[in-house]
Every structure is written in C-alpha cells, then in structure tokens.
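For the sequence shown, the positions run 86 to 254 when our numbering is used.
Here the structure comes first, spelled out in structure tokens, and everything after it is commentary.
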Amino acid sequence: MFLILKRNKFWSKTGISIIEILIVVAIIAIAFVSLFSLSSLSLKASILTKQTIKADFWAQEEIEAIRSFRDRTTWATDGIGSLTMGIDYYPQKTGNPLSWNLATGTETADGFTRKVVFSNVQRDGNGNIVEGGGVNDPQTKKITATVNWQERGVAHQVEIAAYLTNWNK
86 MFLILKRNKF WSKTGISIIE ILIVVAIIAI AFVSLFSLSS LSLKASILTK QTIKADFWAQ
146 EEIEAIRSFR DRTTWATDGI GSLTMGIDYY PQKTGNPLSW NLATGTETAD GFTRKVVFSN
206 VQRDGNGNIV EGGGVNDPQT KKITATVNWQ ERGVAHQVEI AAYLTNWNK
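Next comes the structure, spelled out in structure tokens:
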C-alpha cells in the first residue's frame with residue numbers, strides 16, 4: 086500500500102511538471118511572436134522613413150532647380166512668367182553646359198513620380214499674399230513640388246510649396 090501511494094504522488098508531480106512545461110513553452114512562443122511582430126513593424130517604419138526622406142530630397146531638388154531656372158532666364162520671355170499655370174512640369178538638365186530647364190509632364194525614377202505646378206499669386210491692398218479676393222501679382226508665382234510613390238500598395242506623397250518672385254525687376 087505504501088508503494089501505491091508513492092506511485093500516485095509521482096504521477097501527480099509529473100503531471101504538474103508537464104503543465105508547467107506547456108505554460109513555459111506557450112510564454113516563450115508568445116514572446117517570440119511579439120518580438121518578430123515588433124521587428125517587422127520596425128522594419129516597415131524604417132523603410133517608409135527612408136522613402137519619405139528620399140521624396141523630401143526630390144521635392145527640395147525640384148524647388149532648387151526652379152530657382153536656378155528662374156535665375157538664368159528672363160521672367161516674362163522664356164522664364165517662369167511665360168509658363169502655363171496649373172499644368173505639370175518637371176525639371177531636367179539639358180544643354181552644354183548642363184542647366185536646368187522645364188519639361189511638361191511628370192518624371193518617374195526609382196519608384197518616385199515628381200512634378201511641379203505653378204499658380205498665380207494674389208495680393209491684398211497691403212501687399213500680403215491672399216488665397217482669393219486680391220489682385221493678381223504677375224511678378225510672383227507659387228510653386229508646388231509634389232513627389233508620389235507606392236510602398237506596399239499604399240500611396241504616399243510629399244508636397245512642398247514656395248513662392249518665387251521676379252527678383253530682376
């Protein structure tokens with residue numbers, strides 16, 4: 086009878102340790118899944134941040150290219166003042182020596198699509214820029230540089246706006 090009691094105690098202790106092992110394995114599995122999910126999320130955020138930085142650089146390059154174009158052209162003759170407002174342009178390097186010029190349409194490279202749109206600027210009686218209800222200022226144009234890209238099927242966009250004036254006048 087003593088052996089039977091001893092045997093029952095042995096089996097009950099073994100059953101508890103199997104349950105403990107299963108709980109520990111489950112906790113470790115949950116920890117690994119959590120770490121994997123966290124690292125995957127971190128990697129996705131890192132890739133999106135990298136793409137956003139590239140898009141910011143492309144948009145800023147567009148603005149700087151337009152400034153360069155403005156500085157070497159005559160505003161109303163062959164410069165910004167002679168462009169059609171509201172249509173897509175993109176900067177391109179042409180000529181010898183190379184210089185920035187504008188072409189109509191959009192430019193796509195390395196998964197990014199970029200464009201620049203020019204719009205007229207209005208000013209109020211005090212000379213401040215207003216969205217509407219002012220007088221058209223032919224010596225100032227608003228530039229909106231836009232860069233679009235897709236990341237994992239989701240569309241992303243960076244947009245920078247700036248005002249340029251006919252500084253030669």
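Just so it is clear, CB atoms sit at the ideal spot from N, CA and C, and this is done for glycine as well.
Cβ-based burial, residue i [other Cβ within 10 Å; buried from 16]
i           : result
residue 164 : buried
residue 151 : buried
residue 226 : buried
residue 189 : exposed
residue 183 : exposed
residue 243 : buried
residue 174 : buried
residue 206 : buried
residue 104 : exposed
residue 132 : exposed
Straight-line gap, residue i to residue j (C-alpha atoms, nearest Å)
i           : j           : result
residue 252 : residue 200 : 24 Å
residue 126 : residue 118 : 12 Å
residue 137 : residue 203 : 23 Å
residue 156 : residue 238 : 39 Å
residue 214 : residue 222 : 9 Å
residue 245 : residue 124 : 32 Å
residue 172 : residue 113 : 58 Å
residue 162 : residue 232 : 28 Å
residue 160 : residue 129 : 45 Å
residue 166 : residue 248 : 13 Å
residue 240 : residue 234 : 6 Å
residue 197 : residue 211 : 40 Å
Cβ separation of residue i and residue j, assumed to be a contact under 8 Å, to the nearest whole Å
i           : j           : result
residue 147 : residue 176 : 6 Å
residue 144 : residue 230 : 4 Å
residue 185 : residue 154 : 5 Å
residue 208 : residue 219 : 5 Å
Beta-bridge pairing of residue i - partner residues as DSSP gives them
i           : result
residue 203 : 228
residue 245 : 230
residue 209 : Answer is none; residue 209 lacks a bridge partner.
residue 236 : 239
residue 221 : 207
residue 109 : Answer by DSSP bridge pairing: none, since residue 109 is not bridged.
residue 214 : 208
Completely contained beta strand (DSSP E) runs for the stretch 111–194, where each covers 3 or more residues
If we require 3 residues or more, the beta strand (DSSP E) runs fully inside the stretch 111–194 come out as 173–179, 184–189 and 192–194.
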